[in-house]
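Peer 1:
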Amino acid sequence: MATALVWFRRDLRLADNPALHAALEAGFDPVPVYIHAPHEEGGWAPGAASNAWRHRSLKALSQDLHARGSRLVVRQGDSSAVLQDLIAQSGAQALFWNRKYEPTTQPRDATIKKALKEQGFEVRSCNAALLAEPWDVETKSGGPYKVFTPYYRSVMASLPQRSLLEAPRALPGVSSRLRSDGVDALGLAPRLGWDTGFWDIWQPGEAGAHEALEVFIDGALQGYLEQRDLPDRTGTSRLSPHLHFGEIAPWRVIAKLEQVRTARLDKDIDGFIRQLVWREFAYHLLHHFPQTVEDNLNPRFAHFDWAKAEPAMLKAWQRGMTGVPIVDAGMRELWHTGVMHNRVRMIVASYLTKHLRMHWLEGARWFWDTLVDADLANNTLGWQWVAGTGADAAPYFRVFNPVTQAQKFDPQARYITRWVPELETLPVKARFAPWESADLLARLAPTYPRQPIVGLAAGREGALAAYAATR
Numbered sequence: 101m102a103t104a105l106v107w108f109r110r111d112l113r114l115a116d117n118p119a120l121h122a123a124l125e126a127g128f129d130p131v132p133v134y135i136h137a138p139h140e141e142g143g144w145a146p147g148a149a150s151n152a153w154r155h156r157s158l159k160a161l162s163q164d165l166h167a168r169g170s171r172l173v174v175r176q177g178d179s180s181a182v183l184q185d186l187i188a189q190s191g192a193q194a195l196f197w198n199r200k201y202e203p204t205t206q207p208r209d210a211t212i213k214k215a216l217k218e219q220g221f222e223v224r225s226c227n228a229a230l231l232a233e234p235w236d237v238e239t240k241s242g243g244p245y246k247v248f249t250p251y252y253r254s255v256m257a258s259l260p261q262r263s264l265l266e267a268p269r270a271l272p273g274v275s276s277r278l279r280s281d282g283v284d285a286l287g288l289a290p291r292l293g294w295d296t297g298f299w300d301i302w303q304p305g306e307a308g309a310h311e312a313l314e315v316f317i318d319g320a321l322q323g324y325l326e327q328r329d330l331p332d333r334t335g336t337s338r339l340s341p342h343l344h345f346g347e348i349a350p351w352r353v354i355a356k357l358e359q360v361r362t363a364r365l366d367k368d369i370d371g372f373i374r375q376l377v378w379r380e381f382a383y384h385l386l387h388h389f390p391q392t393v394e395d396n397l398n399p400r401f402a403h404f405d406w407a408k409a410e411p412a413m414l415k416a417w418q419r420g421m422t423g424v425p426i427v428d429a430g431m432r433e434l435w436h437t438g439v440m441h442n443r444v445r446m447i448v449a450s451y452l453t454k455h456l457r458m459h460w461l462e463g464a465r466w467f468w469d470t471l472v473d474a475d476l477a478n479n480t481l482g483w484q485w486v487a488g489t490g491a492d493a494a495p496y497f498r499v500f501n502p503v504t505q506a507q508k509f510d511p512q513a514r515y516i517t518r519w520v521p522e523l524e525t526l527p528v529k530a531r532f533a534p535w536e537s538a539d540l541l542a543r544l545a546p547t548y549p550r551q552p553i554v555g556l557a558a559g560r561e562g563a564l565a566a567y568a569a570t571r
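Positions in the sequence shown are counted from 1; adding 100 to them yields the working numbering.
Laid out in structure tokens, this is it:
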């Protein structure tokens with residue numbers, strides 16, 4: 101039987117895996133391969149939290165393959181050289197992979213495909229990550245979208261129907277002569293165990309992704325539109341890291357939602373699908389505007405007067421000690437769990453880019469290292485959206501007031517109290533802006549900052565003044 105390499109990257113699943121299924125349908129015995137090559141990711145090599153997740157997800161994939169009679173061949177080094185070596189050792193006649201869309205990996209993959217095809221080798225790439233390819237959605241004039249709503253309408257008007265492909269029950273064995281370094285050798289797992297709190301709420305891997313979807317359908321889906329902005333409860337799907345690592349296909353998520361659609365759930369399901377398409381929009385922008393991982397999409401901000409990133413202030417923001425409780429709660433949740441509620445992400449990002457007036461890249465890089473769902477497309481879109489410098493962005497002059505945001509979305513201060521427990525002895529009303537109750541704060545929460553590192557009024561005025569200078 102002819103052999104083909106199936107190069108796993110960020111598609112760590114067996115069900116709905118187009119590359120794996122294409123290799124099987126073409127009559128090949130697949131050799132599953134994972135190549136660790138973070139140096140090929142440019143300035144955005146995966147961060148520590150992401151690697152901690154990747155370690156466990158690769159372990160889960162390896163176990164799933166082993167249960168079916170196969171195994172995962174793990175190597176390290178330059179992708180092209182490793183593939184050439186594996187082809188020579190295995191006698192493979194073809195290579196299958198699922199596409200990635202980052203600015204550094206797209207040209208790398210194109211170079212590998214071109215070189216192998218020139219050698220007479222069969223190479224096929226597939227789409228395992230998106231509902232629509234970034235280049236397949238365009239405006240009437242033939243260009244890329246920069247505004248979400250018309251993009252959303254375009255995607256939904258031509259959403260392709262994709263069949264669900266179940267995981268193979270059995271797979272051909274992989275020769276023991278083909279060396280594997282093993283997942284542990286990649287050094288992805290933290291040595292000091294700082295990720296321990298992550299796994300109380302997360303189960304990396306394909307099984308964990310499917311379970312998370314079922315939990316969402318049985319729970320938070322009902323009332324999703326109302327609950328998703330409330331950080332004191334589980335009102336979201338918690339699917340983002342599973343989608344990022346390709347542990348579940350977005351079209352399977354939609355198919356499962358459609359199976360339970362009722363008139364009562366219509367708005368909630370449509371609202372969630374809209375969020376999936378927002379994810380697609382991020383990849384659309386990343387493909388067409390790859391420079392935005394470092395530069396503002398809106399050229400108007402090329403010479404914006406960002407404040408110097410003063411180390412002490414930046415550290416206070418990172419560690420959740422700004423003196424603004426909702427901001428500190430979000431940053432501490434991130435540190436302890438590897439995730440942050442989406443509404444709170446917007447609040448903490450606004451505080452950094454507006455009140456502290458620090459460049460959005462300072463926040464993007466911190467999120468990149470600390471989020472288990474760190475995704476270059478979504479990270480870039482999200483930070484530029486809040487900073488007001490990107491596509492379909494919230495205007496820079498729209499400055500979130502973190503106190504009123506907390507009062508609206510965490511009215512009983514449950515979220516604040518959970519992550520900033522030193523404030524729990526204060527009356528609920530005082531937990532939103534404790535500096536306004538200075539005596540109580542000093543007496544009941546002496547370890548918490550007496551004042552915000554930047555006052556809300558002063559920060560807002562500084563942001564608006566800097567913005568006015570660009571007009």
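Cβ coordinates follow ideal geometry from the N, Cα and C atoms, glycine included.
Indicate the three-state DSSP secondary structure (helix, strand or coil) for residue 345 in the structure shown.
Peer 2: On the sequence shown, position 245 is the one that residue 345 refers to. Correct three-state label for residue 345: coil.
Peer 1: For residue 392 and residue 169, what's the separation of their Cα atoms in angstroms?
Peer 2: Within the sequence shown, residue 392 is the residue found at index 292, counting from 1. Within the sequence shown, residue 169 is the residue found at index 69, counting from 1. Computed Cα separation, rounded: 43 Å.
Peer 1: Under three-state DSSP, which class holds residue 500?
Peer 2: Residue numbering aside, residue 500 sits at position 400 when the sequence shown is read from its first letter. Here residue 500 sits in coil by DSSP.
Peer 1: Starting from residue 198, trace the beta strand (DSSP E) both ways and give me its first and last residue.
Peer 2: On the sequence shown, position 98 is the one that residue 198 refers to. Segment 194 to 198, the beta strand (DSSP E) holding residue 198.
Peer 1: Is it true that the CB of residue 299 sits closer than 8 Å to the CB of residue 432?
Peer 2: The residue given as residue 432 occupies position 332 in the sequence shown. The residue given as residue 299 occupies position 199 in the sequence shown. Contact: no.
Peer 1: Which residues mark the beginning and the end of the beta strand (DSSP E) in which residue 108 is found?
Peer 2: Start at 1 with the first residue of the sequence shown, and residue 108 comes out as number 8. Segment 103 to 108, the beta strand (DSSP E) holding residue 108.
Peer 1: From the DSSP output, in three-state form, read off residue 136 for me.
Peer 2: For the purposes of this step, residue 136 is taken as residue 36 along the sequence shown, with counting starting at 1. Residue 136 falls in the strand class under three-state DSSP.
Peer 1: Out of 112, 481, 141, state which residue places its alpha-carbon closest to the alpha-carbon of residue 155.
Peer 2: As a first step, residue 155 is located in the sequence shown; it is residue number 55 there, counting from the start. Comparing Cα-Cα distances from residue 155 to each of 112, 481, 141, the minimum goes to 112.
Peer 1: With a 10 Å radius around its C-beta and 16 neighbouring C-beta atoms as the bar for buried, classify residue 261 as buried or exposed.
Peer 2: By one-based count along the sequence shown, residue 261 stands at place 161. Exposed.
Peer 1: Whole angstroms is fine: what's the gap from residue 103's alpha carbon to residue 218's?
Peer 2: Residue mapping note: residue 103 aligns to position 3 of the sequence shown, counting from 1. Residue mapping note: residue 218 aligns to position 118 of the sequence shown, counting from 1. Approximately 19 Å between the Cα atoms of the pair.
Peer 1: Taking the alpha-carbon positions, what's the residue 265 to residue 525 distance?
Peer 2: Here residue 265 refers to the residue found at position 165 when the sequence shown is read from its first residue. Here residue 525 refers to the residue found at position 425 when the sequence shown is read from its first residue. Whole-angstrom Cα-Cα distance: 53 Å.
Peer 1: Can you give the Cα-Cα distance for residue 360 and residue 367, rounded to whole angstroms?
Peer 2: The sequence position of residue 360 within the sequence shown is 260, counting from 1. The sequence position of residue 367 within the sequence shown is 267, counting from 1. Using only the alpha carbons, I get a separation of about 13 Å.
Peer 1: Mind checking whether residue 157 and residue 401 have CB atoms under 8 Å apart?
Peer 2: By 1-based counting over the sequence shown, the position of residue 157 is 57. By 1-based counting over the sequence shown, the position of residue 401 is 301. No, these two residues do not count as a Cβ contact at 8 Å.
Peer 1: Nearest CA to the CA of residue 337: which residue from 421, 442, 269, 293?
Peer 2: By one-based count along the sequence shown, residue 337 stands at place 237. Ranking 421, 442, 269, 293 by Cα distance to residue 337 puts 442 first.
Peer 1: Looking at the structure shown, is residue 551 part of a helix, part of a strand, or coil, going by DSSP?
Peer 2: Stepping through the sequence shown from its first residue, residue 551 is reached at position 451. Three-state result, residue 551: coil.
Peer 1: In chain order, which continuous runs of the beta strand (DSSP E) of length 3 or greater are located wholly inside the segment 166 to 191?
Peer 2: List check, beta strand (DSSP E) in window: 173 to 176.
Peer 1: Could you check the C-alpha separation between residue 230 and residue 540 for me, to the nearest Å?
Peer 2: Here residue 230 refers to the residue found at position 130 when the sequence shown is read from its first residue. Here residue 540 refers to the residue found at position 440 when the sequence shown is read from its first residue. Distance between the alpha carbons of residue 230 and residue 540: 52 Å.
Peer 1: Would you tell me roughly how many angstroms separate the C-alpha atoms of residue 123 and residue 232, rounded to the nearest one?
Peer 2: For the purposes of this step, residue 123 is taken as the residue at position 23 of the sequence shown. For the purposes of this step, residue 232 is taken as the residue at position 132 of the sequence shown. Approximately 22 Å, taken between the alpha carbons.
Peer 1: Taking 8 Å as the threshold (C-beta atoms), are residue 144 and residue 468 in contact?
Peer 2: Indexing the sequence shown from 1 puts residue 468 at position 368. Indexing the sequence shown from 1 puts residue 144 at position 44. Yes; because the gap between Cβ atoms is below 8 Å, this pair is in contact.
Peer 1: Confirm, please, whether the CB-CB distance from residue 133 to residue 120 is below 8 Å.
Peer 2: Within the sequence shown, residue 120 is the residue found at index 20, counting from 1. Within the sequence shown, residue 133 is the residue found at index 33, counting from 1. No.
Peer 1: Exposed or buried, residue 241, counting other C-beta atoms within 10 Å across all chains shown (16 or more means buried)?
Peer 2: What you label residue 241 is simply residue 141 of the sequence shown in a count that begins at 1. The residue in question, residue 241, is exposed, as its Cβ has fewer than 16 Cβ neighbours within 10 Å.
Peer 1: Would you mind working out which of 203, 403, 173 sits nearest residue 190, comparing C-alpha positions?
Peer 2: The sequence position of residue 190 within the sequence shown is 90, counting from 1. With distances taken between Cα atoms, residue 190 lies closest to 173.
Peer 1: Can you name the residues that DSSP bridges to residue 129?
Peer 2: Numbered from its first residue, the sequence shown carries residue 129 at position 29. According to DSSP, residue 129 bridges with 103.
Peer 1: To the nearest angstrom, report how far apart residue 563 and residue 147 are at their CA atoms.
Peer 2: Here residue 563 corresponds to residue number 463 of the sequence shown, with the count starting at 1. Here residue 147 corresponds to residue number 47 of the sequence shown, with the count starting at 1. If I take the Cα positions, the gap works out to 30 Å.
Peer 1: So, residue 474 versus residue 225, is the Cβ gap smaller than 8 Å?
Peer 2: The residue given as residue 474 occupies position 374 in the sequence shown. The residue given as residue 225 occupies position 125 in the sequence shown. Cβ distance not < 8 Å, so residue 474 and residue 225 don't count as in contact.
Peer 1: For residue 223, does the three-state DSSP call read helix, strand or coil?
Peer 2: Within the sequence shown, numbered from 1, the residue matching residue 223 stands at position 123. Strand.
Peer 1: Pick out whichever of 288, 491, 410 has its Cα sitting closest to the Cα of residue 386.
Peer 2: As a position in the sequence shown, residue 386 is number 286, starting the count at 1. Taking only the C-alpha atoms, the option nearest residue 386 is 491.
Peer 1: Between which two residues does the alpha helix (DSSP H) harbouring residue 430 extend?
Peer 2: Sequence index remark: in the sequence shown, residue 430 carries index 330 (1-based). Here the alpha helix (DSSP H) through residue 430 covers 425 to 437.
Peer 1: Can you give the Cα-Cα distance for residue 364 and residue 461, rounded to whole angstroms?
Peer 2: Here residue 364 corresponds to residue number 264 of the sequence shown, with the count starting at 1. Here residue 461 corresponds to residue number 361 of the sequence shown, with the count starting at 1. Between residue 364 and residue 461, the C-alpha separation is close to 41 Å.
Peer 1: Can you tell me the Cα-Cα spacing of residue 536 and residue 427, whole angstroms?
Peer 2: By one-based count along the sequence shown, residue 536 stands at place 436. By one-based count along the sequence shown, residue 427 stands at place 327. Cα-Cα distance, rounded: 17 Å.
Peer 1: Candidates 331, 569, 153: which alpha carbon is nearest residue 283's?
Peer 2: As a working mapping, residue 283 is identified with position 183 in the sequence shown. Nearest C-alpha to residue 283: 153.
Peer 1: Which residues in the same chain have their Cβ closer than 6 Å to the Cβ of residue 444, if we skip the five residues on either side of it in sequence?
Peer 2: Counting from one through the sequence shown, the residue named residue 444 turns up at place 344. Once the five neighbours on either side are set aside, the close Cβ partners of residue 444 are 331, 430.
Peer 1: State the DSSP-derived secondary structure class of residue 233, mapped to helix, strand or coil.
Peer 2: As a first step, residue 233 is located in the sequence shown; it is residue number 133 there, counting from the start. Of the three classes helix, strand and coil, the one that applies to residue 233 here is coil, per DSSP.
Peer 1: May I ask you to report which of helix, strand or coil DSSP gives residue 567?
Peer 2: Position 467 of the sequence shown, counted from the start, is the residue given in the question as residue 567. Note: residue 567 maps to helix in three-state DSSP.
Peer 1: What span of residues does the alpha helix (DSSP H) with residue 403 cover, start to end?
Peer 2: As a first step, residue 403 is located in the sequence shown; it is residue number 303 there, counting from the start. Per DSSP, residue 403 belongs to no alpha helix (DSSP H) and is neither H nor E.
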